[in-house]
Structures are given as structure tokens and as C-alpha cells.
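In this note's numbering, the protein residues as written are 38 to 506.
To keep things clear, I will list the structure first and then write my remarks on it.
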Amino acid sequence: MKSFANLILILIPTIFYSQNHQDSLSIDDVIGLVIKNSERIKNIESNYQIRNIDFENYKKSFLPQVTLTANLPYQRSIQEVLQFNGSTSLVERNFLNPTINFTTKQVVPFTGGEISLTNSISMNNDLQNKITNYSSNWVSLTYSQTINGFNPYRWNKKKYFYSRKLDDINYRKEIAMLKTEAVQLFFDAYVLQKKIELTKNNLVKTESLLRQIEEKKKLGRALGIDVNQIEITINQLTQKVKSDSFELTMQISKLKNLLNIETQKELNFKTINDFELVIPKEKLINSFLENNYENEAQLKLLLADEKIDKTKKDGAVNFYIQLGIGLNSSAAEFENLYNKPIQKQALTVGAYIPLLNWGILNNKKKMAELEKDILKRELKETKFNATQQAENLYYYIENLNDQIRLAKQEYGLQIETNELLLNLLAYDKRTIYDYKNQLFEYEKSFLNYNELLINKYVLKMKFNEIFLE
Numbered sequence: 038m039k040s041f042a043n044l045i046l047i048l049i050p051t052i053f054y055s056q057n058h059q060d061s062l063s064i065d066d067v068i069g070l071v072i073k074n075s076e077r078i079k080n081i082e083s084n085y086q087i088r089n090i091d092f093e094n095y096k097k098s099f100l101p102q103v104t105l106t107a108n109l110p111y112q113r114s115i116q117e118v119l120q121f122n123g124s125t126s127l128v129e130r131n132f133l134n135p136t137i138n139f140t141t142k143q144v145v146p147f148t149g150g151e152i153s154l155t156n157s158i159s160m161n162n163d164l165q166n167k168i169t170n171y172s173s174n175w176v177s178l179t180y181s182q183t184i185n186g187f188n189p190y191r192w193n194k195k196k197y198f199y200s201r202k203l204d205d206i207n208y209r210k211e212i213a214m215l216k217t218e219a220v221q222l223f224f225d226a227y228v229l230q231k232k233i234e235l236t237k238n239n240l241v242k243t244e245s246l247l248r249q250i251e252e253k254k255k256l257g258r259a260l261g262i263d264v265n266q267i268e269i270t271i272n273q274l275t276q277k278v279k280s281d282s283f284e285l286t287m288q289i290s291k292l293k294n295l296l297n298i299e300t301q302k303e304l305n306f307k308t309i310n311d312f313e314l315v316i317p318k319e320k321l322i323n324s325f326l327e328n329n330y331e332n333e334a335q336l337k338l339l340l341a342d343e344k345i346d347k348t349k350k351d352g353a354v355n356f357y358i359q360l361g362i363g364l365n366s367s368a369a370e371f372e373n374l375y376n377k378p379i380q381k382q383a384l385t386v387g388a389y390i391p392l393l394n395w396g397i398l399n400n401k402k403k404m405a406e407l408e409k410d411i412l413k414r415e416l417k418e419t420k421f422n423a424t425q426q427a428e429n430l431y432y433y434i435e436n437l438n439d440q441i442r443l444a445k446q447e448y449g450l451q452i453e454t455n456e457l458l459l460n461l462l463a464y465d466k467r468t469i470y471d472y473k474n475q476l477f478e479y480e481k482s483f484l485n486y487n488e489l490l491i492n493k494y495v496l497k498m499k500f501n502e503i504f505l506e
């Protein structure tokens, strides 16, 4: 009873130490940490916020724009004046003409025109003669419109429709790719940790085997070369543990840096297990095309159409029309300025007629149309390749599941073979060389099974990128 109590006293601090000096991480833990802590996620969020602000600015550009301008020009002049007696004299003139303008502008997106509303007041002050006049533009309403001209507002509206979709897709895709990167670093460290555990386990078995061979040698049942071979194997396994441990430290450092954690505790990675991965083929293809092809293709075609329209309109006859109506007044006294306004109307019609451009504008239009034809063929090929890629991923799932099933069976057989060979070696039915080969095959089988599991997890993360999850 006393020995049992002493054992408990030893185990409790050991367990407490282990819990406080190790952090166990699962795949879900890593994904949660990279989304919560990493600097990269902050950059992704900031870039997405920039695109949102840009879209807000675009929407606000269609709201009325109001400006206030004030000018205070001062003019001084010296003139030569002929007097009655025939002599000349110099006369100084000083003018102060302050002006205030209040302007409101509103674009009309579906026509490309602009409405302008202007109010202004000005004072003409002859300081030398002490003469003051006031004038005011009560209101001036003007509408300007290009007929048969290029309308960028109409095209921008269409472009933003697709660019906003792409902004959201790229934002979610960048997050999914960041998760994949974190999971890949987790797996790189996980495999090394499992290799170290496996090597240490083989090292313990080999050291136990060495003691058995040394006892046999004393009894004349084993040769010195057998002992030497076992010792060489132990040295090789020891060096392998050191090498893998150093590489594991580097991988953990990379993972900590990505996750932005500074814990000094040793990281221990939770074991990964096989899982079911079933994706409907049509869903996979449709999602792959929607999130990796369709919106980007539509935007590229839209840009090509915009270029064609611009080259066509720039080379055609364009008309310009401006309509205006306003109320104006002037007075020598400010209090009489707004007594009686004068109404004014204005109509301006202009035309842009290219007479001789040597066919350059038509060539530009033809070039833009040819570029669109090239783009359509490229997009057709891109869609075919994207569909093939999605189908290959689907068939890869089935193939990978079969590989994992077979690798798991092989790994189980290697475990049994490993134990059986140790027993046969104890009865001199196998050689040390057989034992070393079996260690190699055992490790190879272990790594193959785990790497296939990792490929399946990475494939799952790839599907998350495709489905934007």
C-alpha cells in the first residue's frame, strides 16, 4: 500500500508537468488559431475592406456633388491719360472683385449626361472712383449631353456587378487557402513527430535486442559481428531521431509564426484518423466553374465589349448638346440686387466629325474585335480545362480511398511481421540484416499510410476552397 502511495506521488507531478509543458493541437485548433491570430488574416480582412470602401465610393459618385468656391481678385493698373492742355498724366486704377459660387452637379448614369445647378454672387468695386456694382446669378440650371458618345457610367455599372462577386469569392478563397497552408504546416510537423515516435520505439526494441544478442554471445550462440550490426543500427536510429527532431523544431517554428503564437510549451499534435469524403460529381463541377471561371470570364468579356464600344464611339460622329436656363440680376445697391431678375436661356449644339484619320480608328475597332475573338477561344479552353480538373479531383477521391484502404492493410501486416521477426530473431531463424530491412519496410509502410491520410485531408481543404467554405 505504501509503495502504491509513493507511485501516485510520483505520477501526479509527472502528469501535471506534462500537461503544463505541452499543448496538444488538432487540425481544428490550427484552423481556428490561424483565423483568429495570424497577421495574414488581418491583411486579407484589410484588403477586403479596401474593396468595400472603393465600392461605397463608387455608389456615392452618383449622388449630387456640391462645391463652394470663393475668389477675391485685386487688380491695379496705371494708365497714361491725355489732359485738356495737351499734356499727359498717369492715373492709378484699383479694382476689387470678390465672387462666391455655389455649384451642385449630378450625373445621369443611363445617358452619360450631367445636370448642373449654379448660384453665384459677385461685387465689382472701383476703389479709385468709389463705385460699386453687384451682380447675381440667382439660379442657373444646365444639362449637358453627348449624343452617340461613349458612356463610361453604363459600363462601370456592369463591371462592378461582376467585380463585387469576384471580391467576395476571392476573399473567401484567400481565407480557405490560408487554412490549407496552416493545415499543410501542421501535417509537415505531424509526420515528423510520428517518425520520431516510431524511431524511438524501434530504438527501444533494438536496444532490447542488443542485450539479448550480447547474452547469446556470452554463451557462444552469437557472433561479434551481430553485436556490431545491432550497435550500428542503434547509432543510425539515434542520429535519425536527432535529425528529425531538429527538422521538427524548424517546422514548429514556421507553424507558430503563421499562427502568431509565442508559447514556449512543447507542441504535441493529435493523431489524425481516416474519415469519409464523398462529393457529388455535378456539385463539384458546378461549384468549381462558378467560383473559378464563370464570373471572371464574364468580366473579361465585358471589358472586351467595352473596348469595342469605346473604339467605335470614338471614331464615329458625335453630337454635343447643352441646355440652360437661368435668372440673373444686377444693381448698384446690394439691397436692390434681388428686386427684379432677368431670365436667360441658352442652347448649344456641337458636333465632332472625323474627316480624315487614314482608317486608324476602324483598325482599332477591328483589333478590339479580334482580341475578343481570341479571348472567347481562350475562355472556351479554360472552361474545358477547369471541367477536366474538377473531374480529375472527383476520380482522385475514389482512387485515394482505395489506396488508403490497401495502405492500412499493409501497415497492419507490417506491424505483425515486425513482431514475428523479433521472435524469429530470438530463435536464430532470421538475421540482423533481415531485422534492419524490416525496420525500413515498417517505417515505409507507416509513412505511406499517413501521407495518404494527409493527402486526403489536403484534398478536403481543396474542396473547401472550391466550395468557399
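The beta carbon of each residue, even a glycine, is placed where N, CA and C say it ideally should be.
Note that the structure is predicted; figures quoted are calculated from it, not measured.
Check                                                                                                                        : Outcome
Own chain residues within Cβ distance below 6 Å of residue 125, not counting five before or after                            : 117 and 119
Residue of 307, 230, 61 and 468 minimising C-alpha distance to residue 288                                                   : 230
Rounded C-alpha distance that separates residue 165 from residue 127                                                         : 13 Å
Cβ-Cβ distance between residue 250 and residue 241 below 8 Å                                                                 : no
Entirely enclosed alpha helix (DSSP H) segments - the region 225 to 301, minimum 4 residues                                  : 261 to 296
Buried versus exposed call for residue 228 [16 or more other C-beta atoms within 10 Å across all chains shown]               : buried
Between the CA atoms of residue 195 and residue 334 - distance to the nearest angstrom                                       : 13 Å
Selected residue, minimal CA-CA separation from residue 373, among 399, 86, 384 and 172                                      : 172
Three-state secondary structure assigned by DSSP to residue 163                                                              : strand
Through-space distance from residue 479 to residue 290, alpha-carbon basis                                                   : 29 Å
Closest Cα partner of residue 219 within the set 321, 312 and 70                                                             : 70
Spatial neighbours of residue 267 in its chain, beta-carbon cut-off 7 Å, leaving aside the 5 residues before and after       : 243, 246, 247, 250 and 469
Reduced DSSP secondary structure (H/G/I, E/B, other) of residue 331                                                          : helix
Contact with chain D by residue 299, beta-carbon distance below 8 Å                                                          : Looking for chain D here will not work: only one protein chain is present.
Residue 305 in three-state terms, based on DSSP                                                                              : strand
Alpha carbon of residue 443 to alpha carbon of residue 295, nearest angstrom                                                 : 35 Å
Cβ-Cβ distance between residue 184 and residue 356 below 8 Å                                                                 : yes
Pairwise C-alpha distance: residue 113 and residue 129                                                                       : 7 Å
Rounded straight-line distance, which links the Cα of residue 340 to that of residue 411                                     : 13 Å
Residues of its chain near residue 216, where Cβ-Cβ distance is below 8 Å and the 5 sequence neighbours each way are ignored : 68, 71, 72, 498 and 501
Own chain partners of residue 495 with C-beta closer than 8 Å, once the 5 adjacent residues on each side are dropped         : 217, 220, 221 and 224
The alpha helix (DSSP H) enclosing residue 372, as first and last residue numbers                                            : Unbroken run through residue 372: none, as it is neither H nor E.
Classification of residue 483 by the beta-carbon crowding that lies within 10 angstroms, buried from 16 upward               : buried
Nearest-angstrom beta carbon gap, residue 63 and residue 307 [assumed within contact, 8 Å]                                   : 4 Å
7 Å Cβ shell around residue 11 - same chain, five flanking residues per side excluded                                        : What is shown of the chain runs 38 to 506, which leaves residue 11 out entirely.
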